[in-house]
Amino acid sequence: MSTSDRAFGVLKLFTLEKPSWTADEIAGAMGVSPATGYRFIRALEEAGLIAPTGAGVYTLGPAIIQLDRQIQLTDPLLAAAAPVMEDLRKYGPEGSAVLLCRSFGETVLCMRQVFTAGPQPLVSYERGRPMPLFAGATSKVILAYQPARWLRTLYENHRDEVSVAGLGKTLEEFRNSLANIRKAGYAITSGEIDRGRIGIAAAILNQDRRAVGSLSYVVSGEVEMRACQRLATIAQSGAQEIEATLNAHDKSSPGEERLPPDRGEPGSKAAEPSTRALLSQD
Numbered sequence: 001m002s003t004s005d006r007a008f009g010v011l012k013l014f015t016l017e018k019p020s021w022t023a024d025e026i027a028g029a030m031g032v033s034p035a036t037g038y039r040f041i042r043a044l045e046e047a048g049l050i051a052p053t054g055a056g057v058y059t060l061g062p063a064i065i066q067l068d069r070q071i072q073l074t075d076p077l078l079a080a081a082a083p084v085m086e087d088l089r090k091y092g093p094e095g096s097a098v099l100l101c102r103s104f105g106e107t108v109l110c111m112r113q114v115f116t117a118g119p120q121p122l123v124s125y126e127r128g129r130p131m132p133l134f135a136g137a138t139s140k141v142i143l144a145y146q147p148a149r150w151l152r153t154l155y156e157n158h159r160d161e162v163s164v165a166g167l168g169k170t171l172e173e174f175r176n177s178l179a180n181i182r183k184a185g186y187a188i189t190s191g192e193i194d195r196g197r198i199g200i201a202a203a204i205l206n207q208d209r210r211a212v213g214s215l216s217y218v219v220s221g222e223v224e225m226r227a228c229q230r231l232a233t234i235a236q237s238g239a240q241e242i243e244a245t246l247n248a249h250d251k252s253s254p255g256e257e258r259l260p261p262d263r264g265e266p267g268s269k270a271a272e273p274s275t276r277a278l279l280s281q282d
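Sequential numbering from 1 applies to the sequence shown in full-length UniProt numbering.
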């Protein structure tokens, strides 16, 4: 691992549980000498990624705030999803949320939330909060569209979590569970993240048919399954709108025909955006 990689690794030390560190603590946690630890600190401080708060204590720096604002204003996924999420909010029941999430390593991060009218119970998918990859529709639908080799390694490293999540006790069962999600084109779970809440999610795919994120509804656990399935179809439509925007400027090679994302049964089509109002009715 290069020196710069190890320096950036210091940023992972800063957590909600421990948001501030001394120079000696950083050196100890990184397993380096105090002199090397100070070099890491100096490089990160000059970049504004960490900042001193006095008495030799450091916290995350102002550059993080600047970068967060830049992401909110310029990220292509956020830009493509924002109007779609506002549209989807119209069809959600009172007290529900619409989430945009993306994968990050072996976790899922919420990038944006919008809410419908009415009282808002807790939604654990808060912006920037790492969430488990094996629990909840929002995460499971992303998991379903990951490369087979990566999934094999993931399963081998997390057999117990996969089993607890109800995704299978063997690699074959794990693969079959994810194949069923892909066949349906969406995932619906109840109470896996927040008690009394149902998650309804569709994957947002790139042109390689890998999930870059998911679009989800979080609704009351009292919503009937028939209504949840209608919302799932609406979420699928929204996810495909986002995909179309993201891929609008991508050019295929001459003579190459792009295949549609494999979301369900062969030949199935996503709902057109104009059909959402019909889908949201009984």
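Think of the CB as a built atom: it goes at the ideal place given N, C-alpha and C, for glycine as much as any other residue.
None of the values given here were measured: they were computed from a predicted structure.
Exercise. Quick one: is glutamate 126 buried, meaning 16 or more other Cβ sit within 10 Å of its Cβ, or exposed?
Worked result: Within the sequence shown, the letter at position 126 stands for residue 126. Counting Cβ neighbours within 10 Å, glutamate 126 comes out exposed, since fewer than 16 surround it.
Exercise. Distance, Cα to Cα, glycine 136 vs glycine 61?
Worked result: Residue numbering aside, residue 136 sits at position 136 when the sequence shown is read from its first letter. Residue numbering aside, residue 61 sits at position 61 when the sequence shown is read from its first letter. Using only the alpha carbons, I get a separation of about 33 Å.
For this session: Identify whether arginine 195 lies in helix, strand or coil by the three-state DSSP scheme.
Result: In the sequence shown, counting from the first residue as 1, residue 195 sits at position 195. If DSSP states are grouped into helix, strand and coil, arginine 195 belongs with coil.
For this session: Would you list, in sequence order, the uninterrupted beta strand (DSSP E) runs of no fewer than 3 residues that lie entirely inside the segment 97-146?
Result: Taking only runs of at least 3 residues, the beta strand (DSSP E) segments lying wholly in the segment 97-146 are 97-104, 107-115, 130-132.
Exercise. What are the boundary residues of the alpha helix (DSSP H) that proline 62 is part of?
Worked result: For the purposes of this step, residue 62 is identified with residue 62 of the sequence shown, where counting begins at 1. From DSSP, the alpha helix (DSSP H) with proline 62 extends over 62-74.
For this session: In the DSSP assignment, find the beta strand (DSSP E) that holds valine 218 and state where it starts and stops.
Result: Start at 1 with the first residue of the sequence shown, and residue 218 comes out as number 218. 211-220 is the extent of the beta strand (DSSP E) around valine 218.
For this session: Assuming isoleucine 188 contacts cysteine 228 (C-beta within less than 8 Å), just tell me the rounded distance between them.
Result: As a first step, residue 188 is located in the sequence shown; it is residue number 188 there, counting from the start. As a first step, residue 228 is located in the sequence shown; it is residue number 228 there, counting from the start. Indeed they touch by this definition, with Cβ atoms about 5 Å apart.
For this session: Take glutamate 106 and list the residues in its own chain whose beta-carbon comes closer than 6 Å to its own, dropping the five residues that flank it on each side.
Result: Taking the first residue of the sequence shown as 1, we reach residue 106 at position 106. Correct list, in chain order: Leu133.
For this session: Along the alpha helix (DSSP H) that carries glycine 238, what are the first and last residues, could you check?
Result: Locating residue 238 in the sequence shown gives position 238, where the first residue counts as 1. Taken as a continuous stretch (DSSP letters only), the alpha helix (DSSP H) holding glycine 238 covers 225-247.
Problem set entry | leucine 99 beta carbon less than 8 Å from that of serine 216 | If you number the sequence shown from 1, residue 216 lands on position 216. If you number the sequence shown from 1, residue 99 lands on position 99. Yes, Cβ-Cβ distance for serine 216 and leucine 99 is below 8 Å.
Exercise. Relative to the C-alpha of alanine 43, which residue among Glu17, Phe8, Pro76 is closest?
Worked result: As a working note, residue 43 is residue 43 in the sequence shown. Taking only the C-alpha atoms, the option nearest alanine 43 is Phe8.
For this session: Please name the residue in Gly31, Pro93, Thr245, Ala35 whose C-alpha comes closest to that of isoleucine 204.
Result: In the sequence shown, residue 204 corresponds to position 204, counting from 1. Minimum Cα distance to isoleucine 204 is reached at Thr245.
Problem set entry | Exposed unless 16 or more other CB atoms sit within 10 angstroms - verdict on glycine 191 | Numbered from its first residue, the sequence shown carries residue 191 at position 191. Classification of glycine 191: exposed, given that the 10 Å Cβ count is below 16.
Exercise. Between the C-alpha atoms of threonine 53 and asparagine 180, what's the straight-line distance to the nearest angstrom?
Worked result: Translated into the one-based positions of the sequence shown, residue 53 becomes position 53. Translated into the one-based positions of the sequence shown, residue 180 becomes position 180. Between threonine 53 and asparagine 180, the C-alpha separation is close to 51 Å.
Exercise. Assuming residue 284 contacts tyrosine 58 under a Cβ cut-off of 8 Å, what Cβ separation, rounded to an integer in Å, is found between them?
Worked result: This structure leaves residue 284 out entirely; the chain is present only between 1 and 282.
For this session: Report yes if the C-beta distance between leucine 73 and methionine 111 is below 8 Å; otherwise report no.
Result: Within the sequence shown, residue 73 is the residue found at index 73, counting from 1. Within the sequence shown, residue 111 is the residue found at index 111, counting from 1. Contact: no.
Exercise. If you draw a straight line from the C-alpha of glycine 168 to the C-alpha of serine 177, how long is it?
Worked result: Your numbering for residue 168 matches position 168 in the sequence shown. Your numbering for residue 177 matches position 177 in the sequence shown. If you draw a straight line from the Cα of glycine 168 to the Cα of serine 177, it is about 7 Å long.
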